[in-house]
Structure formats: C-alpha cells, structure tokens
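S.K.: So that we are looking at the same thing, I have put the structure below in structure tokens.
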Amino acid sequence: MAADNKDDEIAHRRAILRATLQRIVLLRETGPKSAAWHRARVKTMWRLQQQLAADTAAPAQPEHTHDRS
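Below, the structure is given as structure tokens:
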C-alpha cells in the first residue's frame, strides 16, 4: 500500500514538472526577449528535465527498508 502511495506521489510530481516545462517552453514566444532571460529560461528547462529523469529512475532503485547496524 505504501508503494502505491509513493507511485501516486511520483506520478503527481511528474505531471506537475511536465506542465511547468510546457509553460517554460511556451514562454519563448510570449516572454521577454533579452539574452539573460533566455539563458535563465533554458537553464530552468534543463533543471526540470533532469528532475523528470530522476523521477523516472527513482522507482527502478530498490528501497532500503532495514538498517544494517
């Protein structure tokens, strides 16, 4: 049951990240045209894509549920 909750949480987070990434991409047409703003936008896009990739890889990693002490 806890795994289902975690999967739902990851799916929700990925949906939010995808929506945010889509908004950032669309800002190219409507946002400011300065070079500094464009660099910040691209940096934000890369950060969001890295977070999506990390969330995709997260379920594949086994959870450590016990302490080795």
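According to the working numbering, numbering within the sequence shown proceeds without interruption in unit steps and concludes at 72.
The C-beta atom is built at its ideal place from N, Cα and C for all residues, glycine as well.
1) So which of Ile27, His41, Gly34 has the shortest CA-CA distance to Leu51?
2) When DSSP labels each residue in this structure, what does Lys36 get in the three-state scheme?
3) Quick check on this structure: which residue in Gln25, Glu12, Ala60 has the alpha carbon closest to the alpha carbon of Thr47?
4) Measuring only the C-alpha atoms, how far is Ser72 from Glu12?
M.R.: Put simply:
1) Leu51 has its Cα closest to that of Ile27, out of Ile27, His41, Gly34.
2) The answer is coil: DSSP assigns Lys36 none of H, G, I, E or B.
3) The option with the nearest alpha carbon to Thr47 is Gln25.
4) Low confidence applies to Ser72: its pLDDT is 48, below 50, so where it sits in the model is not reliable enough to give any reading.
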